[in-house]
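In this note's numbering, the protein residues as written are 3 to 77. Every residue gets a Cβ at the ideal spot worked out from N, C-alpha and C, and that includes glycine. Note that the structure is predicted; figures quoted are calculated from it, not measured.
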Amino acid sequence: MAKLSPNIPCPCCSGKKYKKCCLVYHKGALAPDALTLMKSRYSAFAADRPDYIIKTTHPDNPDSLQANSKRKAVS
Numbered sequence: 003m004a005k006l007s008p009n010i011p012c013p014c015c016s017g018k019k020y021k022k023c024c025l026v027y028h029k030g031a032l033a034p035d036a037l038t039l040m041k042s043r044y045s046a047f048a049a050d051r052p053d054y055i056i057k058t059t060h061p062d063n064p065d066s067l068q069a070n071s072k073r074k075a076v077s
């Protein structure tokens, strides 16, 4: 998957350009609420930005890389 152009419509379906919507969060701004966070995570998937998804996954989530590495260390 290729990185998205900043000028395309945002994958979160907000109607805004990607650069004025979720790209802001992918570059480090904090999402103001849960809905925006989830939309930005979806957009990160569509934009091939796995680092953002990893960064915004709670460490106690079973799918978290941190949680998985802790489990392996205990085993």
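Residue i vs residue j beta-carbon contact at 9 Å
| i | j | result |
| --- | --- | --- |
| residue 12 | residue 5 | no |
| residue 14 | residue 44 | yes |
| residue 25 | residue 8 | yes |
| residue 58 | residue 39 | yes |
| residue 54 | residue 48 | no |
Opposing strand residues paired with residue i [DSSP bridges]
| i | result |
| --- | --- |
| residue 11 | 19 |
Selection from the options that minimises the alpha carbon distance to residue i
| i | options | result |
| --- | --- | --- |
| residue 51 | 28, 21, 37, 65 | 28 |
Three-state secondary structure (DSSP) of residue i
| i | result |
| --- | --- |
| residue 53 | helix |
| residue 28 | helix |
Distance, residue j Cα to residue i Cα
| i | j | result |
| --- | --- | --- |
| residue 65 | residue 17 | 31 Å |
| residue 21 | residue 56 | 21 Å |
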